[in-house]
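Visitor:
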Amino acid sequence: MLTGKKILITGATGLVARTAAEKLAADNEVWCLGRFQDRQAHARLRERGIRTRRWDMATDALDGVPDDFTHVLHAAVERGDGDFEEVVAVNSVATGRLMTHCRAADAFLFVSTSALYAPVSLDHRYTESDPLRAESAWLPTYPVGKLATEGAVRALAVTLGLPTTIARLNVAYGPHGHGGLPVIFFRQMLAGQPIAVPRAGQHHCSPIHTDDIARHVPRLWAAAKSPATVVNWGGDEVVGVTDLMTHVSRLTRVPVDFVESDVTRAVVAFDPTLRERLAGDCRTPWREGVRRALEAHFPGSVQAGPDREVPTHDQ
Numbered sequence: 002m003l004t005g006k007k008i009l010i011t012g013a014t015g016l017v018a019r020t021a022a023e024k025l026a027a028d029n030e031v032w033c034l035g036r037f038q039d040r041q042a043h044a045r046l047r048e049r050g051i052r053t054r055r056w057d058m059a060t061d062a063l064d065g066v067p068d069d070f071t072h073v074l075h076a077a078v079e080r081g082d083g084d085f086e087e088v089v090a091v092n093s094v095a096t097g098r099l100m101t102h103c104r105a106a107d108a109f110l111f112v113s114t115s116a117l118y119a120p121v122s123l124d125h126r127y128t129e130s131d132p133l134r135a136e137s138a139w140l141p142t143y144p145v146g147k148l149a150t151e152g153a154v155r156a157l158a159v160t161l162g163l164p165t166t167i168a169r170l171n172v173a174y175g176p177h178g179h180g181g182l183p184v185i186f187f188r189q190m191l192a193g194q195p196i197a198v199p200r201a202g203q204h205h206c207s208p209i210h211t212d213d214i215a216r217h218v219p220r221l222w223a224a225a226k227s228p229a230t231v232v233n234w235g236g237d238e239v240v241g242v243t244d245l246m247t248h249v250s251r252l253t254r255v256p257v258d259f260v261e262s263d264v265t266r267a268v269v270a271f272d273p274t275l276r277e278r279l280a281g282d283c284r285t286p287w288r289e290g291v292r293r294a295l296e297a298h299f300p301g302s303v304q305a306g307p308d309r310e311v312p313t314h315d316q
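In my numbering, the protein residues as written are 2 to 316.
#1: Between the Cα of ARG126 and those of GLY35, ALA280, HIS298, THR274, spot the shortest distance and give me the residue it belongs to.
#2: Looking only at its own chain, which residues have a Cβ that is under 8 Å from the Cβ of ASP39, when we skip the five neighbours before and after it?
#3: So, VAL154 versus PHE85, is the Cβ gap smaller than 8 Å?
#4: Output the boundary residues of the beta strand (DSSP E) element that contains GLU23.
#5: Tell me whether the beta-carbon of ALA168 lies closer than 8 Å to the beta-carbon of LEU221.
#6: Could you give the distance in angstroms between the alpha-carbon of ALA297 and the alpha-carbon of GLU129?
#7: Using beta-carbon positions only, say whether SER207 and VAL172 come within less than 8 Å of one another.
#8: Compute the distance between the beta-carbons of GLY97 and LEU157, then report whether it is under 8 Å.
#9: From the DSSP output, read off the bridge partner residues of ILE51.
#10: State buried or exposed for ARG19, treating a residue as buried only when at least 16 other CB atoms are found within 10 Å of its CB.
#11: Can you look up VAL303 in the DSSP assignment and give me helix, strand or coil?
#12: Report the option in THR71, HIS102, SER113 whose CA atom is closest to the CA atom of GLU79.
#13: Spatial neighbours of GLY202 within its chain, please: C-beta separation below 7 Å, excluding the five flanking residues on both sides.
#14: Assuming ALA224 and THR166 are in contact, meaning their beta carbons sit under 8 Å apart, how far apart are those beta carbons, in whole angstroms?
#15: Can you say whether LYS24 is buried or exposed, counting buried as having 16 or more other CB atoms within 10 angstroms of its CB?
Pasting the structure below:
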């Protein structure tokens, strides 16, 4: 881990960046930018000695924010509600402002998404050189905004000479924010809503717990270059989504109903070779991590013991 650095983090009250912010704050001066709509999360960041400044990506400049940060983690995102023009403009312009403001930093880390990859097959292990296609049935604007912003990040990394890593995040999950895909789908299960799955087979993913995300952040900063380094950021294990949610059902004893559909929350699995070389391994097995995430968001929800684990096809 880094020590004695001045670090700027965006999106720190959400799922992806909060654990990293809290752990880095133990040995560094950490600042967080955001809208801080979650007042409880904001207060807890402050309790850990983290300095906060309000920043709305869509409207706010960076006046009054220091420009001498050594490291930047940009995890904030405008997902959009169907307005493609707004999503592209907000994300790319805000990121451009941030990189320009922090142009003297040692390293800039931009959190992108696995949703950028063009479909190959449900069990394909995607590498960083696989074809891209910004199309998503479940949230159409999201990958478009991310791909547009990747372009801005690549351009500014070279123009500013700012060492940069673009990390395409897989299925992140953990105790903060919305909890990630296992927690989102569990909420559907509690509401009696079915989970849409492909008509044949199942989607596979490389889930990564936020504890491992926090461990990887300093190493991804160390890998930053100009032109930007691009890396797939997921866990060590490949898991079928149907298997994952069947496991959640066994743990919680809440029934899960799968319905075949042409519109699913598609995810992909990664080939971890480059990520392992740049950032190291992961230390949270997905079964343990999912159990902990469920207990954090729904105390008392886990009913089954380790002997009730469900077999999966990820081995």
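For glycine and all other residues, C-beta sits at the position ideal for the given N, C-alpha and C.
Guide: Looking at the atomic coordinates:
#1: Indexing the sequence shown from 1 puts residue 126 at position 125. Relative to ARG126, the option among GLY35, ALA280, HIS298, THR274 whose CA is nearest is THR274.
#2: The residue given as residue 39 occupies position 38 in the sequence shown. Correct list, in chain order: THR14.
#3: Within the sequence shown, numbered from 1, the residue matching residue 154 stands at position 153. Within the sequence shown, numbered from 1, the residue matching residue 85 stands at position 84. At least 8 Å separates the beta-carbon of VAL154 from that of PHE85.
#4: Working through the sequence shown from its first residue, we reach residue 23 at position 22. Taken as a continuous stretch (DSSP letters only), GLU23 belongs to no beta strand (DSSP E), being part of the alpha helix (DSSP H) at 19-25.
#5: Along the sequence shown, one-based indexing puts residue 168 at 167. Along the sequence shown, one-based indexing puts residue 221 at 220. Taking 8 Å as the Cβ cut-off, ALA168 and LEU221 qualify as a contacting pair.
#6: Locating residue 297 in the sequence shown gives position 296, counting from the first residue. Locating residue 129 in the sequence shown gives position 128, counting from the first residue. Going by the C-alpha atoms only, they are around 33 Å apart.
#7: Here residue 207 corresponds to residue number 206 of the sequence shown, with the count starting at 1. Here residue 172 corresponds to residue number 171 of the sequence shown, with the count starting at 1. Yes. Within cutoff.
#8: By one-based count along the sequence shown, residue 97 stands at place 96. By one-based count along the sequence shown, residue 157 stands at place 156. Between GLY97 and LEU157, the C-beta spacing is below 8 Å.
#9: To locate residue 51, count along the sequence shown from 1; it is residue 50. DSSP lists no partner for ILE51.
#10: Position 18 of the sequence shown, counted from the start, is the residue given in the question as residue 19. Its Cβ being crowded by 16 or more others within 10 Å, ARG19 is buried.
#11: Numbered from its first residue, the sequence shown carries residue 303 at position 302. Looking at VAL303 - three-state DSSP - the assignment turns out to be coil, as it is neither helix nor strand.
#12: Your numbering for residue 79 matches position 78 in the sequence shown. For GLU79, the nearest C-alpha among the options comes from SER113.
#13: In the sequence shown, counting from the first residue as 1, residue 202 sits at position 201. Within the same chain, GLY202 has close Cβ partners LEU123.
#14: In the sequence shown, counting from the first residue as 1, residue 224 sits at position 223. In the sequence shown, counting from the first residue as 1, residue 166 sits at position 165. The pair is a contact, with the Cβ atoms about 5 Å apart (cut-off 8 Å).
#15: In the sequence shown, residue 24 corresponds to position 23, counting from 1. Of the other Cβ atoms in all chains shown, 16 or more fall within 10 Å of the Cβ of LYS24; this residue is therefore buried.
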